[in-house]
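If you're matching them up, the sequences are chains A, B and C in order. Each residue of the first sequence is one higher than the last, beginning at 1 in the numbering used here. Each residue of the second sequence is one higher than the last, beginning at 1 in the numbering used here. Each residue of the third sequence is one higher than the last, beginning at 1 in the numbering used here.
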Amino acid sequence: MQGAITVSTSGQGLYEITRDVAEFVRGGGRAEGLLTLFVRHTSCSLVIQENADPDVQRDLKAFFARLVPPSDDPSMRWVTHTMEGPDDMPAHIKAALLPVSLSIPVAGGRMALGTWQGVYLFEHRTSPHRREVALHLSA
Amino acid sequence: MQGAITVSTSGQGLYEITRDVAEFVRGGGRAEGLLTLFVRHTSCSLVIQENADPDVQRDLKAFFARLVPPSDDPSMRWVTHTMEGPDDMPAHIKAALLPVSLSIPVAGGRMALGTWQGVYLFEHRTSPHRREVALHLSA
Amino acid sequence: MQGAITVSTSGQGLYEITRDVAEFVRGGGRAEGLLTLFVRHTSCSLVIQENADPDVQRDLKAFFARLVPPSDDPSMRWVTHTMEGPDDMPAHIKAALLPVSLSIPVAGGRMALGTWQGVYLFEHRTSPHRREVALHLSA
Chain A
1 MQGAITVSTS GQGLYEITRD VAEFVRGGGR AEGLLTLFVR HTSCSLVIQE NADPDVQRDL
61 KAFFARLVPP SDDPSMRWVT HTMEGPDDMP AHIKAALLPV SLSIPVAGGR MALGTWQGVY
121 LFEHRTSPHR REVALHLSA
Chain B
1 MQGAITVSTS GQGLYEITRD VAEFVRGGGR AEGLLTLFVR HTSCSLVIQE NADPDVQRDL
61 KAFFARLVPP SDDPSMRWVT HTMEGPDDMP AHIKAALLPV SLSIPVAGGR MALGTWQGVY
121 LFEHRTSPHR REVALHLSA
Chain C
1 MQGAITVSTS GQGLYEITRD VAEFVRGGGR AEGLLTLFVR HTSCSLVIQE NADPDVQRDL
61 KAFFARLVPP SDDPSMRWVT HTMEGPDDMP AHIKAALLPV SLSIPVAGGR MALGTWQGVY
121 LFEHRTSPHR REVALHLSA
């Protein structure tokens, strides 16, 4: 079974999609299986992270902003792909560093997530975007 | 077919699970298939790495300790999620950077690993933990 | 269905394999399914990246060369695994940081890639290598 989730983003950060993905899995009516998520873009990512303390998400965003600063930052003078804005090449780099696909076993009709795991789309661009996550549920 | 591996960790570093995973695959009795591993935590990771020279594992651990120092390090003063100890937020960051799921084709009844590839759980916390890796073998 | 792609590399950088992978998927004759790629090495990676502007690939390569410099660089004095050359341990580190496996849904008989997504092998060693990517197509 296949499907898709659309996420409207408004700047860099994590957008939780756990509930939408869980609904897709429920609709599949499969007790046991394998769920695969795939993001159809090169400037955002999929991550599984703690869903309890929102500080974790803020710190994650801060870490990646420091690891890969905007291309108009003095430390990034070597960047050549700058025509789409200072957030563009850093977004591609983060999209290489972080997952484009995730595979999660389904057991008892539900994703086998740990207690503290949530599924997120990590937006790396600053302007609003419409992101598509393809879903595939197999045996 | 589904299963799980439990790994008892005693501090940061790589714990090899290749043998346990291979045993699960053998038990599945499937000549050809797809194996998926999924770690049910947000502060450890799954990695495939060289299984020959133990220096490689030591250097890997050292690299990530330098890339993401403890949150009481002066360079990490921006971290806000500190209540669970100085190794906690760095653990979440490493868990975002490194795989939460791995998919390995099974051929001739065995994982199609290259000669030097081993499967490891990478623990990012300093205190002992009990980690669960969910396994799924499909056609 | 399973298969393999062999990539001859001649130094660090991205080698596009989208066309070869698409051909394998076409040969599978499956309208809907899940494609998994797995690289059988510990010193190269698989990445999905922008296939439009070649500057993106150049900048990606530059970013990772800066994040993980050769082990004879003064900043890398802590590295112990150096016997296979200064590009070897950095290659293992990059192979941990970047994907060893990718899963892509197949819909309408084709990979559900976004408009700008291409599939690449990212070589981390400087000398020529022959790399094998295992492919698995399931329901």
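Yeah, the Cβ is synthetic: ideal placement off N, Cα and C, and Gly gets one too.
Mind checking residue i: buried by the 16 CB within 10 Å criterion, or exposed?
| i | result |
| --- | --- |
| Thr115 (chain B) | exposed |
| Thr6 (chain B) | exposed |
| Met83 (chain C) | exposed |
| Glu23 (chain B) | exposed |
| Ser8 (chain A) | exposed |
| Gly33 (chain A) | buried |
| Asp73 (chain B) | exposed |
| Ala112 (chain A) | buried |
| Ala31 (chain B) | exposed |
| Pro128 (chain A) | exposed |
| Gly108 (chain B) | exposed |
| Arg130 (chain C) | exposed |
| Gly29 (chain B) | exposed |
So residue i and residue j are in contact, right, with Cβ under 8 Å, and what is the actual spacing, rounded?
| i | j | result |
| --- | --- | --- |
| Val133 (chain B) | Val39 (chain B) | 5 Å |
| Ser103 (chain C) | Ser138 (chain A) | That belief does not hold up - the Cβ atoms of Ser103 (chain C) and Ser138 (chain A) are roughly 10 Å apart, past 8 Å. |
| Leu35 (chain B) | Leu135 (chain B) | 7 Å |
Keeping to the same chain, check which residues put their C-beta closer than 8 Å to that of residue i; ignore five residues upstream and five downstream.
| i | result |
| --- | --- |
| Thr126 (chain B) | Gly11, Gln12, Gly85, Asp87 |
| Ala95 (chain A) | His41, Thr42, Ser43, Cys44, Ser45, His124 |
| Ala52 (chain A) | Trp116 |
| Pro70 (chain A) | Met76, Pro86, Asp87, Pro90 |
| Gly118 (chain C) | Glu16, Thr18, Ile48, Gln49, Glu50, Asn51 |
Going by DSSP, name the residue or residues bridged to residue i.
| i | result |
| --- | --- |
| Ser10 (chain A) | A:Pro128 |
| Ser138 (chain C) | C:Leu34 |
| Val39 (chain C) | C:Val133 |
| Gln57 (chain A) | Gln57 (chain A) pairs with nothing; no bridge assigned. |
| Glu84 (chain A) | Beta-bridge pairing links Glu84 (chain A) to no other residue. |
| Arg19 (chain B) | Its beta-bridge partners do not exist; DSSP assigns none. |
| Arg110 (chain A) | A:Ala107 |
| Gly118 (chain C) | C:Gln49 |
| Ile5 (chain A) | A:Val133 |
If distances are taken between C-alpha atoms only, which option among the options comes closest to residue i?
| i | options | result |
| --- | --- | --- |
| Leu121 (chain A) | A:Val100, A:Met89, A:Thr80 | A:Val100 |
| Trp78 (chain A) | C:Arg77, C:Leu60, C:His81, C:Ser75 | C:Leu60 |
| Gly3 (chain A) | A:Thr80, A:Asp20, A:Pro105 | A:Asp20 |
| Met141 (chain B) | A:Arg58, A:Val106, A:Thr80 | It is not possible to answer for residue 141 (chain B), since the shown part of chain B is limited to 1 through 139. |
| Thr80 (chain C) | B:Val119, B:Phe63, B:Ser71 | B:Phe63 |
| Gly27 (chain B) | B:Val68, B:Val119, B:Arg110 | B:Arg110 |
| Leu14 (chain B) | B:Val25, B:Arg58, B:Leu37 | B:Arg58 |
For residue i, which residues from the same chain have a beta carbon less than 7 Å from its beta carbon, with the 5 sequence-adjacent residues on both sides left out?
| i | result |
| --- | --- |
| His184 (chain A) | Residue 184 (chain A) falls outside the range modelled here, since chain A spans only 1 to 139, and no answer is possible. |
For residue i, I'd like the list of residues in its chain whose CB is within less than 6 Å of its CB, leaving aside the five on either flank, ordered along the chain.
| i | result |
| --- | --- |
| Glu50 (chain B) | Val56, Trp116 |
Would you say the beta carbon of residue i is closer than 6 Å to some non-hydrogen atom of the ligand NAP?
| i | result |
| --- | --- |
| Ala107 (chain B) | Of the ligands one can find in the structure shown there are none, so the ligand NAP has no counterpart to examine. |
At 7 Å on the CB atoms, spell out the chain E contacts of residue i, in chain order.
| i | result |
| --- | --- |
| His81 (chain B) | Reference to chain E is not applicable here, since the protein chains of this structure are A, B and C. |
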